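Novice: Read top to bottom, the protein sequences are chains B and L. So for the first sequence, my numbering puts the first residue at 4; every next one is plus one. So for the second sequence, my numbering puts the first residue at -8; every next one is plus one.
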Amino acid sequence: DGGITQSPKYLFRKEGQNVTLSCEQNLNHDAMYWYRQDPGQGLRLIYYSQIVNDFQKGDIAEGYSVSREKKESFPLTVTSAQKNPTAFYLCASTNTGELFFGEGSRLTVL
Amino acid sequence: SQQGEEDPQALSIQEGENATMNCSYKTSINNLQWYRQNSGRGLVHLILIRSNEREKHSGRLRVTLDTSKKSSSLLITASRAADTASYFCATDANAGKSTFGDGTTLTVKP
Chain B
4 DGGITQSPKY LFRKEGQNVT LSCEQNLNHD AMYWYRQDPG QGLRLIYYSQ
54 IVNDFQKGDI AEGYSVSREK KESFPLTVTS AQKNPTAFYL CASTNTGELF
104 FGEGSRLTVL
Chain L
-8 SQQGEEDPQA LSIQEGENAT MNCSYKTSIN NLQWYRQNSG RGLVHLILIR
42 SNEREKHSGR LRVTLDTSKK SSSLLITASR AADTASYFCA TDANAGKSTF
92 GDGTTLTVKP
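(1) What in chain B is Cβ-close to GLN5 of chain L, meaning under 7 Å?
(2) Shorter than 8 Å from the beta carbon of PHE104 of chain B to some beta carbon of chain L?
(3) Could you tell me the distance, in whole angstroms, from the CA atom of PRO(-1) of chain L to the CA atom of ILE54 of chain B?
(4) Does the beta carbon of ASP93 of chain L sit closer than 8 Å to a beta carbon anywhere in chain B?
(5) Is the number of C-beta pairs between the region 95 to 103 of chain B and the region 30 to 42 of chain B that are closer than 8 Å three or more?
(6) Just to make sure I have the definition right: I need the residues of chain B whose C-beta is within less than 7 Å of the C-beta of SER89 of chain L. Which are they?
(7) Span of the beta strand (DSSP E) holding LYS60 of chain B?
(8) Would you be able to state if there are at least three C-beta pairs under 8 Å between the region 71 to 81 of chain L and the region 25 to 32 of chain L?
(9) With which residues is ALA76 of chain L paired in a DSSP beta bridge?
(10) Do THR96 of chain L and ALA10 of chain L have their C-beta atoms closer together than 8 Å?
(11) Taking 8 Å as the threshold (beta carbon to beta carbon), is GLY5 of chain B in contact with chain L?
(12) With distances taken Cα to Cα, identify the nearest neighbour of ILE126 of chain L among L:LYS47, L:SER64, L:GLY50, L:ALA69.
(13) How big is the Cα-Cα spacing for ILE67 of chain L and SER83 of chain B?
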């Protein structure tokens, strides 16, 4: 079945460590997005990519990095520069404007 | 910055009743979408309405869009306990970048 897969579902990190969240889609979508969601709040855009080998900063890109080497993959690295990384991270993709979301990755910094 | 603002923040109704939630936004848009999120899960697309449309239906869902007032509403008719979730509006004003509000949490009591 076509879909978008995020891993890991839960991740714990010590302060000062970088972590990478995986996002893979087999929907043949050109555009991919990373959002952050804090408790009781909406989604805020971290980074997005509309084509392979190109990506743009969203509203809260500081402390994060991405790559888009393949159409299917858009990994997100949460760096030690991100001061408050504990959150729920959601990846999405689209070709038509309708976003298809993964099930999310919950990152907790200990 | 959040483009969409949902109202109310929380809504509690009995099964069988209708649920109405509203979304207001600030700038001109290409389209507006509504999504549903069950607790701890990814978002699921419900309906997209374009800026030149005024009303759209999908099953028990009815969405209206008033571009002069920069607002939209989502009506869920004959609600069920399974409709319990958070509902978000997302506006697309700029090259596929969707901006989400903070959502309305709907509780449908059996």
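Glycine included, each C-beta is placed from N, C-alpha and C at the ideal position. Bear in mind the structure is a predicted one, so any value in this text is a computation, not a measurement.
Specialist: According to the structure shown:
(1) Those within 7 Å of GLN5 of chain L in chain B number zero; the least Cβ separation is about 24 Å.
(2) yes
(3) 37 Å
(4) yes
(5) yes
(6) LEU102
(7) 57 to 60
(8) yes
(9) L:LEU97
(10) no
(11) no
(12) For chain L, the structure presents residues -8 to 101; residue 126 of chain L sits outside this window and is missing.
(13) 43 Å
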